[in-house]
Amino acid sequence: MAITLGQPQVDGLAEAVGVLREWQHDDAPMQLHPGDLGWYWRLSAETTAAAVRIWHRDGRMVALGLLDSPTLLRLVIAPDARPDEELARRLVADMTSVLPTGPVGIDAPAGAVIHDVLSEDGWGFDDPWTPLRRDLSEPVPDPGVRVEVVGPALVQARVAVHRAAFTVSTFTVERWHAMAAGIPYADARCLIAFDDQDNAVAAVTVWSAGAGRPGLIEPMGAHPDHRGRGHGKAITLAAAAKLRELGSSSVLVCATSANIAAVATYAAAGMRPLPEVRDRRRAR
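Written out as structure tokens, the structure is:
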């Protein structure tokens, strides 16, 4: 059975998002989520399409990769194809055309046979990440602060909180609108938390993959002028509650293990740390 590698046009992204939704399950490892494409969409639909790679076998999508940066491919594989060695070897062979020479990385689902093939090919491991999950079968506690869903009137405030929280960010009002116009944002919401002085203190974007499937937090940030007051925990609780309202079965997030404060914030909001995961790294 032939395996082919392709790059979608903009009008092909709807299929990619739909298949990614189908591949999300609570018992699956932390993996690329429709929300990851949705967050990337802030750079434009055309830029998102240019960063996506899709592998088909006999007309069926069996793997999808997102070039999250020029040197990092985030790869997701169809659940029933993760043990497929033929596919794994083809995916690794195709990295020569997908990634540049020199130091590069692959984020692949834990437990997939591709890790064995990567090891054979000399790929090592990068720094660890900590996935966290919260089950949403029960109601989520009230966050204890005022939280608003972002609409046109709050876009500037949402962008301002994000840029303050992530000082190297290039997020803008225009990029928020590009993201909000994307296919994945139909199942997403941006939220802002306000303190009792009406300051915007934290913000988050949550992405549903559909009813009965895990939702994603990407990204979450607290304004540095208001940190240390529980606002990160509060907006994370609000995010979980919003995803539950949207029908999600659980909420997922992933933080670098070295970011102890972020991991602690998510844990304080009732998210359970899962076993660490590592990107694969090739130095040559």
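Position 205, counted from 1, in the sequence shown is what UniProt numbering calls 205; the numbers after and before it change by one each time, with no gaps. Just so you know, even glycine gets a beta-carbon here, dropped at the ideal spot from N, CA and C.
Simplified DSSP state of residue 248, which is helix, strand or coil: coil
Could you pull out every residue in the same chain whose Cβ sits closer than 7 angstroms to the Cβ of residue 276, ignoring the five residues on either side in sequence? 128, 129, 130, 257
In angstroms with no decimal places, state the Cα-to-Cα distance between residue 6 and residue 98. 10 angstroms
Indicate the three-state DSSP secondary structure (helix, strand or coil) for residue 291 in the structure shown. A query on residue 291 cannot be resolved here, the shown segment of the chain reaching from 1 to 284 and no further.
Residue 130: first and last residue of the uninterrupted beta strand (DSSP E) it sits in: 124-135
Beta carbon of residue 221 nearer than 7 angstroms to that of residue 177: no
Taking only runs of the alpha helix (DSSP H) that begin and end inside the UniProt domain "N-acetyltransferase" (145-284), which ones reach a length of at least 4 residues, in chain order? 155-165, 173-180, 231-245, 260-268
Mind reading off the beta-carbon distance from residue 92 to residue 114? Whole number of angstroms is fine, and I expect it under 8 angstroms. 7 angstroms
Stretch pair the segment 201-219 + the segment 67-79: three plus CB contacts closer than 8 angstroms: no
Can the beta-carbon of residue 105 be found less than 7 angstroms from the beta-carbon of residue 72? yes
Distance check for residue 33 and residue 84, CA to CA, integer angstroms please. 21 angstroms
Could you tell me the distance, in whole angstroms, from the CA atom of residue 224 to the CA atom of residue 183? 31 angstroms
In terms of residues, what are the limits of the beta strand (DSSP E) holding residue 4? 3-6
What residues in its chain sit with their C-beta under 6 angstroms from that of residue 252, if we drop five residues either side in the sequence? 133, 214, 216
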